[in-house]
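Read through the structure below, which is laid out as structure tokens, and then see the notes.
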Amino acid sequence: MSQTGSLKQPRVYDFATMALINIFSHPYATVCDLYCGGGTDSDKWFDAKIGHYIGIDSHSSSIHQLRQAWEEILRKSYTADFFDLDPCMENIELHLKEKLNTADCVCCLHHLQLCFETEEKAQRLLHNVSSLLKPGGYFVGITPDSSTIWAKYQKNVEAYHNKSSSMKPNIVPNCIRTENYMITFEVEEEKFPFFGKKYQLKFANDASSETQCLVHFPSLIRLAREAGLEYVEIQNLTDFYEDNRSQLAGLVMNYAPNLLDPRGRLLPRSYDALGLYTTFIFQKPNPDIAPPITTPRYRMIDASYNYEEGISWQDDEINGYIDPLSLAGLGKISEQKGILGPGPADLRFAEAI
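If you want the working numbering, it's the position in the sequence shown, counting the first as 1, plus 6.
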């Protein structure tokens, strides 16, 4: 990869993928890889010295490639099973009965955002994850950070309103451009719906774009809780790196050296690339070891409760749409980890818009 060119998506967060695998898998662990693709992470599972691998993907060609790679290279390293099914569409309990409650870790490293096209898809995915995990196991992954994307979009909208007198009426900008990528929303609107907010993501070095959906993190946390998974953390990759720089600098130098300066610090333009993604971690409680984890309700001071109307954040989520960035008195964005995702530091507004 060029040391000066634009950053390309797969290598940008490869270091975080490797880090999550190292943290949440252990020698002889059973892991399940959702939307495992063409085996792009096979070498990482080998390095983690896992015991058993369960690969699930909705494309038979991807499963074939992964199985072939395992048979040719990795067969002696760990046992494996491969399943051609869509985990956000099909009930895994009907297909993988012998695999239920066996996984130490279930990961979704690439495609969680595709499951947020509808609530039913997201719900199905999370119930399948819970069915696969043994008590105490973790669900981890990486997804585009909706707070980063939405904050950039809101800046565009704000700029539009400031210039509205010289622009055509009722036209909301639907495009975000940076040095590293371009995002185009399919529908021009100023609201952030819970599900189905589609956009096209195109990286500077790529000829084609990908269709994705914004992940509404409050809905992710709510649906996960309903499926028996407790929220642990949602952390933007910039914070993930800075909080673990001493351990991760070597990984980043291996996977994407043009992200760092010689002292291992993120270059200014790297915040744009890494800030597009966030890690997420959930856990299936183990009642035999400790009482079930109580997930915080994420109430911000003077934010999630309207004292005049008596409506809580959770009530509004059930009754209809909320734009979390537009709530009056919401508080500081930096305090909202786990709500829309923290986003990179330069996009944490001093006060909510």
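We put the CB at the ideal spot given by N, CA and C, even for glycine.
- Ranked by Cα distance from C94, the options E125, H167, N292 are led by E125.
- Note: D63 is bridge-paired with D90 in the DSSP secondary-structure output.
- Under DSSP, N242 shares a beta bridge with T284.
- For H222, the three-state secondary structure derived from DSSP is coil.
- Between I62 and F89, the beta carbon gap of about 5 Å places them in contact (Cβ cut-off 8 Å).
- Note that the C-beta distance between L272 and T244 is below 8 Å.
- In this structure, C219 and G202 form a Cβ contact; the two beta carbons are roughly 6 Å apart against a cut-off of 8 Å.
- The segment 274-294 and the segment 142-157 touch, with three or more beta-carbon pairs separated by less than 8 Å.
- The C-alpha of L132 lies about 8 Å from the C-alpha of L235.
- Annotation for P150: Q119, L207, Q218, L220, V221, L282, Y283, T284 place their beta carbon closer than 8 Å to its own, counting only its chain and skipping 5 residues before and after.
- As DSSP reads the structure, T36 sits in a beta bridge with H58.
- The three-state secondary structure of F145, taken from DSSP, is strand.
- The alpha-carbon of S64 is positioned some 23 Å away from that of L26.
- Setting aside the 5 residues that flank it on each side, K158 is surrounded in the same chain by I182, each with a C-beta closer than 6 Å to its C-beta; the list follows chain order.
- Contact between C38 and I56 fails: their C-beta atoms lie close to 11 Å from each other, not under 8 Å.
- Listed in chain order, the beta strand (DSSP E) runs fully inside the segment 104-154 are 109-114, 139-150, counting runs of at least 3 residues.
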